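The structure appears right after this line, and notes come after that.
In our numbering, the protein residues as written are 9 to 162.
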């Protein structure tokens with residue numbers, strides 16, 4: 009007698025878990041490994057909410073990202089920066105730190121790769137164009153910084 013309500017409750021909980029509440033995905037692992045001085049990052053916080061979950065699932069919109077890049081030789085602590093990043097709906101982003109050299113502490117946040125989230129149907133805020141990797145390597149444009157770092161709080 010008690011078993012039937014428990015099974016119904018369990019089935020309802022399992023089915024409600026299938027519907028996701030997020031729009032996009034942020035991943036700090038490298039997608040491509042052929043770019044010189046490009047390193048994985050750790051997405052420490054999104055809009056001030058700290059988490060160690062990889063990848064991070066977020067809603068579309070303008071987000072404040074706290075990013076840690078691995079330290080270079082001779083240093084022990086990661087380099088932490090904050091960026092303002094516009095997340096498009098139904099897009100998975102692979103973010104990376106682009107440094108000028110192997111010994112440079114400073115880095116720019118770049119989109120290593122982006123693609124549509126499978127099974128997600130955007131109603132608004134879809135990316136303006138698809139990411140296409142050209143067959144000719146010379147046609148790949150150099151990485152661009154995502155946004156300027158946010159000023160430090162006093």
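Every residue gets a Cβ at the ideal spot worked out from N, C-alpha and C, and that includes glycine. Here the structure is a predicted model, which means the values were calculated and not measured.
Beta-bridge annotation (DSSP): residue 113 is not paired with any residue. By the criterion of at least three beta-carbon pairs nearer than 8 Å, the region 60-69 is not in contact with the region 78-90.
The residue from 118, 111 and 114 with its alpha-carbon nearest to that of residue 92 is 118. Nearest neighbour of residue 110 by Cα position, chosen from 45, 56, 124 and 97, turns out to be 45. Looking only at 108, 123 and 40, the smallest Cα-Cα distance to residue 80 is reached by 108. In this structure, the CA atom of residue 95 is about 8 Å from the CA atom of residue 66.
Under the criterion of beta carbons closer than 8 Å, residue 34 and residue 64 qualify as touching, at roughly 4 Å. Each residue's CA atom was taken as its position, placing residue 128 and residue 101 some 14 Å apart.
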